[in-house]
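Peer 1: A single structure is presented below for examination.
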Amino acid sequence: MRLHRLTLTAFGPFGATQEVDFDALSSAGLFLLHGPTGAGKTSVLDAVCYALYGAVPGARQSPGATLRSDHAPADLPTEVQLELTVGGRRLEVTRSPAQPRPKRRGDGFTQEKAQSRLRERGPEGGWKALSKSHQEIGEELVQLIGMSRDQFCQVVLLPQGDFARFLRADAEARGKLLGRLFDTRRFAAVEERLAELRRGAEARVKAGDEQILALAQRIAQAGGPAAAEAPQPTVRAGEPGLAEAVLEWAALARSAARERLGIAGAVVAAAEGRQLAAARALEAERERDRLQQRYAETRRRAEELEARRPEHDACQERLERARKADRVAPALELREEAERAYRAASDGLDRARALLPRDLSDAGADRLAELERRFQQELYALEAARAAEERSARIDEERDLLDREARADEELIRDADAWLADWDATRTALKARIDAAQEAATRAEQLAGLLAPARRRLDAARRRDALATDVQQAERQLTAARERELDARASWLDLRERRLRGIAAELAAGLVAGEPCTVCGSAEHPAPASPGDGHVDRATEEQALAAQQSAEEARARTEQQLGLVRERYAAAETEALGDEPAAEAEVEVEVEAEVEAPTVAELRTLVDRLVDEHAEAHRLAAGMHAAREAFAMAEREHAGRLVQRQEAGERIAARTAAREALDADRARLAEQIAAARGESASVAAHAERLTRRVALLADAAEAVRAEQDAALRRKEADDRLSDAAFRAGFDTPQAAAATLLDAAAQRDLQHRIDAWQAEAAAVADRRAEQDAREAAELPPARPAEASSTHDTAEWLLREAASAHATARERCAELDRLSRRVVEEVRRLGPVREEYERVARLAGLTAGTSADNERKMRLESYVLAARLEQVAAAATARLQRMSAGRYTLVHSDARTGGRRAGLGLHVVDAWTGSERDTATLSGGETFFASLALALGLADVVTEEAGGVRLDTLFIDEGFGSLDDQTLDEVLDVLDSLRERDRSVGIVSHVADLRRRIPARLEVVKERHGSTVHHRL
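Set out below in C-alpha cells:
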C-alpha cells in the first residue's frame, strides 16, 4: 500500500483546503512531519485513517468530538480525499462526516448526512466511480488492505507511546493488545464454547444429582422412622459417589421398613381380638339398659294415664249430650230460616208502603189490587194516542230527512258546477304528466347505456391504482435482485482472482514424484508451492459461480414479473380512459374528456351522478301507469258528475210534492194527540206516569201478601222446635241449642277419647312383658363404660390398622422410589461421562487443569506464539539500534500468582543477564519499543496475507535519544527504504530537521493551520 496524495478541507485544525503530496515526500525515502505542539501533525495521520476507515484512531474517537474545523467558514464543508495504490489498484476515496450546513432557504442550519465516494483509475487514466455506500467502501478497502482499523493504526501509524506501555504492561494488558491485532477471538470463542459446554454438562449432572437427592429426600419422607435408622448420605450434588451412597442407603431403608411391616401385622391381630370382645360386652349392656328404660317408661305412662281419667270421662259425657242435641238441629235450622224470611218480607213491605201516597200507606192488599186494575184499564185506552204521537214524530223525521236531502242535492249541484268549471285545466295537467313520464322513460334508457361503461372505467381505475403499488414493489424487488446479483458476481470474481493468484499451490497439489509437471514438464519438484492463508479451491469458486447464476436467474424472474405487472397496469389504465362517447346531447349528460388518466375519485363522482340521474328518471318513468290511471279516472269522474247533477235536479222536483202530503198528515194527528195527553207534555209521558203507578200498586199488594205468609210459617216452626226438644230430653229449645256441637268439635272429642283408650291398651300390653320385668330386677346397666371400653378397643384397632397400612404403603413407595433412583442413576451415567470429558478439555484450554503445567489459556498460548514471532522480528532491528547489546525474547514463566505465557524480557549481551523490559531506561525503552513496533508491523503484515506496506509513520519519542543512538535508529529507519518503501517521522525535535531534508511542516496560524512542503 502506497499513499500518493491527501487533501484536507475544514478538517481538525485546518480551516481551509490543504494538500499533502506523499509522492514528493516519499521520493527521499525518509521524511519528517514536524511543527509546533498543537499545530496538527497527528491530525494529518487522523485524516489518513478517517479516509480509509471512516473513523479516526480509537484513542482520539472521544464521545461528542467533531471532525469539523472551528476555523472553517460556514459554507465550506468538511472533506478528506486520499489517493492511494493498494493491491495493484489506484483508488481515490473521499469522505465527509455528518455536519451542519446553512439552509438553502431561510436562516439557520440543517444537519447533512455523512457521505463517502470511491473511484478507481483505469488504464487509460480516467476515473471510474465504484460506490457511494459507506458499507461497500469500507468492506472493499478492508479487503484490499487486509487489516482492520486497529491493526492499521498499530502497523502503519506506529504510536510509540502505546508500545512503550506495551513493554511495561503486564500479561493481561499485552494479551488485550495482541488479541486485537491478531484477531484471536476464535480461540477465545473455543475457550468460551468449551466452558459453556462444561457449564451445560455440569448443570445437567447437577440437575441429575439434584433429582437423585430429591428422590432420596422423598425416600426419607416415605420411609419415616425406618429411613431414619440409617444416616442419610451427606454427598452433595456434583460430587462423585453420590449415586452409590444413595442406592446403599435406600436398600437399608427398605429392609427396616419390611421389619416394621411384620411387627405392625401382629399388632393388628391382637387389636382385632380385643375389639371383638368389647363389642359383645357393649351390645349386652345396651340391651339391658334398653329393657330397664322401657319398664320405667311403662310405669310413667300408666301414672299419666290414670291422671287423665277425669278428663276422659267428661269428654265422653259431653259427646253423648251433643249427639242427643243433633236430633233437635233440623227443627232449629227450620226456625232460624222462617225468622229470616219473616224479617225480609217485613222489610220489603216497609219499602213498598214508603213509595205510596199517604192515604194508601195503611191500605190492605184488596184495595191496592183494585186501584191497580183501574189504572191498567186507563193505560190500555192510551194505545191509539201513542201510535198517533209516534206517527207524528216519524213525519217530523221524514220532513227533516227531505230537508237534508234537499240541502245535499243543492251542495252536490254546486260542487259539480265548481269541478266542471276546472275540467279543462285538470285534463291538460294530466296529459302533461303522461308526456313527462314518457320522456323520463326514454332518458332512463339512455342513462343506463352510459352507466355500465362508467362503472367499468371506475373498476379499471381501482385496479390501476392497486397495480401501481404492485409495480413499485416489483421495481424494489428488481433493484434488490440486481444488487444481490452484483454482490454475488463481485464475490465470484474476487474468489476467482484469489484462486488464480494461488493456482500454483492448486497445481502443486496434483504433482506426483517422478512424473512430469503439467506446467513446466520437469519430473523434479524441488519447491512445490503451498496454499497460503485464504486460499480458494475450485469447489469454492464453483459454489460462488452457482450462487451468481442463481442470483442472475432470480433477477431475470423478477424482471419478467415486473413486465407482467406493468402490462396489467397499462391495460387497466387504457380501460380507465374509456372509448365511449363523452357526452349525449339528448339526455344532457356531460363527461369532460381527460387529457390525463382520470382518478378514482373523479370516476366515482361521475358514476354517482349518473346513478342519481338514472334513479330520478326511473322514478319519473315509473309514474306513467299512475298518470294514465289518473287521466282515465278523471274522465270517468267528469261523466259521473254530469249524471249526478241531472239526477239531483230531478230529485228536488219530486221532493216538493212529498213535503206537502206530510204537512197535511201532521196537522190531523196533532188534534188527536192534544185530546189524549191531558196535562202531560206528551201522550208517552202520560202513559209512563200511569205505568209507574200500576207498578207501585202491584208491588205494594205483593209485599202485604208476602209478610202475612212469612208470619204464618214462623209460628209453625216454633211449634215443631218445642216438640223436638221435649222428645230429645231437653227442658227448653234454648238448652238444646246450647248443648249442640258441630261435626269438627265432635270429632275432636272422639279423637281424645280414642287416644286415651289406645294408650290404656298399650300400657296394659307393655306391663305384660316378662323380659322387661326381669331386667328391672337386675342392677342398673352401665352402657357408657362399655361404650368407652369399646371405643378404646376400636381406636387401638384403627391405629394398628393405620400403622400397618402406612408400613405397607411405605414399603411399596420405597420400592417404587428405589426403582426410580436406579433408573435415574442409569440415565445419568452417559451424562456424567460427557461432563468429565468436556470438563477435562475446558480445564485444559482455560489453564486450570493439572495437565496444563504452565496454566496457560488457549488464547494466551496462541498469542504467546505470536509474541515469540514479534520478539524475533524486533530483535533483528533492536540489535542494530543497540549495537548488538540487546535482544528481545519471549518468556512463558509465571510471575507471582499470575498465569504464564505473555512475558517479554530483554537479554543484555554485555552482562549476559535476562531482565524484564520494564527495567529499561527512557532512551532504551524508545528504541526497544520502536523495534517492537516494526517487528509487530512485519508479523501483522504477514498475518494479513503479505500486503506490502510502502508507507509507514512513526509518531514521536525521538527526543529521549542521544546523538549516537539517534544515528543508529535513523540508520535502521533508513534501511526501511529498501524496496521503495518510505517512512514518515512525526516529531518536533529540532535536530531531526537538520538530519532529514524532506519535510512536511505544519504551521499553526490564527485562522487555522497550514502545511508546507520542504523538499
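With positions in the sequence shown counted from 1, the corresponding number in the numbering used here is that position plus 1.
The beta carbon of each residue, even a glycine, is placed where N, CA and C say it ideally should be.
#1: Using the C-alpha atoms, what's the distance from A441 back to E589?
#2: What residues in its chain sit with their C-beta under 8 Å from that of F110, if we drop five residues either side in the sequence?
#3: Excluding the 5 residues preceding and the 5 following R295 in the sequence, name in chain order all residues of the same chain whose CB lies nearer than 6 Å to its CB.
#4: I need the boundaries of the alpha helix (DSSP H) containing D290, first residue and last residue.
#5: Taking only three categories from DSSP, how would you classify W128?
#6: Just list the residues that DSSP pairs F1 with in beta bridges.
#7: Starting from T888, follow its DSSP beta bridges and name the residues at the other end.
#8: May I have the straight-line CA-CA distance separating E574 from L607, to the nearest angstrom?
#9: Measuring straight from C-alpha to C-alpha, what distance separates L85 and Q561?
#10: Under the assumption that A99 contacts G16 (Cβ atoms under 8 Å), give the Cβ distance between them as a whole number of angstroms.
#11: Pick from T427, H1013, A244: whose alpha carbon is nearest that of M634?
#12: From E800, R499, M625, V472, pick the residue whose C-alpha is nearest to that of D436; which is it?
#13: Which same chain residues, not among the five before or five after V57, have their C-beta less than 8 Å away from its C-beta?
#14: Three Cβ pairs or more, each shorter than 8 Å: is that satisfied between the stretch 284-293 and the stretch 774-787?
#15: Measure the beta-carbon distance from V45 to V81 and round it to whole angstroms, keeping in mind my assumption that it falls under 8 Å.
#16: Three-state secondary structure (DSSP) at H615?
#17: Do the CB positions of I213 and V247 come within less than 7 Å of each other?
#18: Whole angstroms are fine: how far does the CA of A438 sit from the CA of E593?
#19: Can you tell me where the beta strand (DSSP E) holding A555 begins and where it ends?
#20: Are the CB atoms of L1016 and A25 nearer to each other than 7 Å?
#21: Would you kindly check if the distance between the Cβ of A445 and the Cβ of A557 is under 7 Å?
#22: Measure the beta-carbon distance from E800 to A223 and round it to whole angstroms, keeping in mind my assumption that it falls under 8 Å.
#23: Would you decide whether V596 is buried or exposed? Buried here means 16 or more other CB atoms lie within 10 Å of its CB.
#24: Here's the rule I'm using: 16 or more other beta-carbon atoms within 10 Å means buried, otherwise exposed. How should L829 be labelled?
#25: If I follow the unbroken beta strand (DSSP E) through P101, where does it start and stop?
#26: Please name the residue or residues paired with V1012 in a DSSP beta bridge.
#27: Going by beta-carbon coordinates alone, are R809 and L262 separated by less than 7 Å?
#28: With R783 as the anchor, note down where its beta strand (DSSP E) starts and where it stops.
#29: Where does E125 land, buried or exposed, given buried means 16+ other C-beta within 10 angstroms?
#30: Would you list, in sequence order, the uninterrupted beta strand (DSSP E) runs of no fewer than 3 residues that lie entirely inside the stretch 597-670?
#31: Under 7 Å, do R656 and A407 count as touching if we go by C-beta distance?
#32: Going by DSSP, what residue range makes up the beta strand (DSSP E) through G985?
#33: Which term fits L921, buried or exposed, when burial requires 16 or more other beta carbons within 10 angstroms of its beta carbon?
#34: Within the continuous alpha helix (DSSP H) that includes Q233, where are the two ends?
#35: Please classify T38 as buried or exposed, where buried requires at least 16 other C-beta atoms within 10 Å of its C-beta.
#36: Based on the DSSP secondary-structure assignment, which residues constitute the bridge partners of F32?
Peer 2: This is what the structure gives:
#1: Confidence at E589 is low in this model, with a pLDDT of 38, below 50, so its placement is unreliable and no value can be given for it.
#2: The residues are A75, P101, R102, P103, K104.
#3: Excluding residues within five positions, the ones whose Cβ falls inside 6 Å are A773.
#4: Secondary structure note for D290: its alpha helix (DSSP H) is the uninterrupted segment 243-308.
#5: strand
#6: This structure cannot speak to residue 1, because the chain is shown only from 2 to 1016.
#7: V908
#8: 17 Å
#9: Annotation: L85 to Q561 spans about 42 Å, alpha carbon to alpha carbon.
#10: About 19 Å; that fails the 8 Å criterion.
#11: T427
#12: M625
#13: Excluding the 5 residues flanking it on each side, V57 has same chain C-beta neighbours closer than 8 Å at D47, C50, Y51, L68, in chain order.
#14: At 8 Å Cβ cutoff, the stretches touch.
#15: Contact doesn't hold; Cβ gap of about 10 Å is too wide.
#16: helix
#17: yes
#18: With a pLDDT of only 40 at E593, under 50, the local geometry of the prediction cannot be trusted, and the value read off the model is given with reservation. Distance between the alpha carbons of E593 and A438: 29 Å.
#19: Not the beta strand (DSSP E): A555 falls in the alpha helix (DSSP H), residues 539-578.
#20: yes
#21: no
#22: Actually they do not touch by this definition, with Cβ atoms about 20 Å apart.
#23: Residue placement at V596 is flagged as unreliable, the pLDDT there being 43, under the threshold of 50; a coordinate-derived value is accordingly withheld.
#24: buried
#25: Counting along the chain, the unbroken beta strand (DSSP E) around P101 starts and ends at 100-103.
#26: V1003
#27: yes
#28: First-last for R783: undefined, no H or E at that position.
#29: Its Cβ having fewer than 16 others within 10 Å, E125 is exposed.
#30: none
#31: yes
#32: 983-987
#33: buried
#34: That residue, Q233, is in no alpha helix (DSSP H); it is neither H nor E in DSSP.
#35: exposed
#36: The bridge partners DSSP lists for F32 are G985.
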